[in-house]
Amino acid sequence: GDSVTQMQGQVTLSEDDFLFINCTYSTTWYPTLFWYVQYPGEGPQLLLKVTTANNKGISRGFEATYDKGTTSFHLQKASVQESDSAVYYCVVSGSFNKLTFGAGTRLAVCP
Amino acid sequence: ETAVFQTPNYHVTQVGNEVSFNCKQTLGHDTMYWYKQDSKKLLKIMFSYNNKQLIVNETVPRRFSPQSSDKAHLNLRIKSVEPEDSAVYLCASSLGGQGTGQLYFGEGSKLTVL
Numbered sequence: 008g009d010s011v012t013q014m015q016g017q018v019t020l021s022e023d024d025f026l027f028i029n030c031t032y033s034t035t036w037y038p039t040l041f042w043y044v045q046y047p048g049e050g051p052q053l054l055l056k057v058t059t060a061n062n063k064g065i066s067r068g069f070e071a072t073y074d075k076g077t078t079s080f081h082l083q084k085a086s087v088q089e090s091d092s093a094v095y096y097c098v099v100s101g102s103f104n105k106l107t108f109g110a111g112t113r114l115a116v117c118p
Numbered sequence: 459e460t461a462v463f464q465t466p467n468y469h470v471t472q473v474g475n476e477v478s479f480n481c482k483q484t485l486g487h488d489t490m491y492w493y494k495q496d497s498k499k500l501l502k503i504m505f506s507y508n509n510k511q512l513i514v515n516e517t518v519p520r521r522f523s524p525q526s527s528d529k530a531h532l533n534l535r536i537k538s539v540e541p542e543d544s545a546v547y548l549c550a551s552s553l554g555g556q557g558t559g560q561l562y563f564g565e566g567s568k569l570t571v572l
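Residue numbers (our numbering), protein chains in the order written: chain A, 8 to 118; chain B, 459 to 572.
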């Protein structure tokens, strides 16, 4: 089956720092890639979607890029704020019309 | 704006008791899901329900069962809770199957089993 790996379990930054979260995936089908964000006390919500056609997605100051050669998918933001503190999930839609969630990266931004 | 509503938000109970969580979506979606989120924030799909077709994750213990009256409602019943059932249970919905990737989640129902 498909798999998604997020190696960074926890990231701690200060406000205005640069954010970079890496994700690698494996699928036997043409993937569509997503980043979901879960703020404290809420359910996950879709942040970004990237298809193999466009290679990049931008939303709310976040940018996601996709590299087919390395089957990796990154999330970045130039300047994080305390309100960005949340759990970020890398998600792949690939084989058998199923979603596979990564383990999540907890981002803590200190003021 | 919340469009997937879960009740209760919290529930504390003892081993062996029965628990039910309710979920309603007002988005007009045709597919609903239950996910389990553990203390490490790991998300695992338990069930998906579309047009009366139930797809069960084979790792889900048989004491868990989904119940649906119509496409806007999908409840979760746990017949006899175990300590390892302590988790946050998240309901979600989508238009079309999982593959669209665009799921709308509720705020979750946190279960604590003593």
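Ideal placement from N, C-alpha and C gives every residue a C-beta, glycine not left out.
Three-state secondary structure (DSSP) of residue i
| i | result |
| --- | --- |
| residue 524 (chain B) | strand |
| residue 559 (chain B) | coil |
| residue 89 (chain A) | helix |
| residue 565 (chain B) | coil |
| residue 488 (chain B) | coil |
| residue 509 (chain B) | coil |
| residue 496 (chain B) | coil |
Distance, residue j Cα to residue i Cα
| i | j | result |
| --- | --- | --- |
| residue 536 (chain B) | residue 482 (chain B) | 18 Å |
| residue 490 (chain B) | residue 470 (chain B) | 25 Å |
| residue 61 (chain A) | residue 529 (chain B) | 34 Å |
| residue 97 (chain A) | residue 13 (chain A) | 7 Å |
| residue 68 (chain A) | residue 106 (chain A) | 25 Å |
| residue 111 (chain A) | residue 70 (chain A) | 17 Å |
| residue 474 (chain B) | residue 484 (chain B) | 33 Å |
| residue 497 (chain B) | residue 50 (chain A) | 14 Å |
| residue 570 (chain B) | residue 460 (chain B) | 24 Å |
| residue 94 (chain A) | residue 45 (chain A) | 5 Å |
| residue 76 (chain A) | residue 103 (chain A) | 22 Å |
| residue 472 (chain B) | residue 88 (chain A) | 41 Å |
Element boundaries [beta strand (DSSP E), containing residue i]
| i | result |
| --- | --- |
| residue 93 (chain A) | 93–100 |
Option in the options with minimal Cα separation from residue i
| i | options | result |
| --- | --- | --- |
| residue 72 (chain A) | A:33, A:56 and A:43 | A:56 |
| residue 24 (chain A) | A:114, A:111, A:33 and A:85 | A:85 |
| residue 492 (chain B) | B:523, B:468, B:527 and B:554 | B:523 |
Proximity test, residue i beta-carbon vs the ligand ZN heavy atom, cut-off 7 Å
| i | result |
| --- | --- |
| residue 528 (chain B) | As far as ligands go, the structure on display features none, and thus does not contain the ligand ZN. |
Item to check | Contiguous beta strand (DSSP E) assignments of at least 3 residues, all confined to the region 10–55 of chain A | outcome: 10–12, 17–21, 26–33 and 39–45
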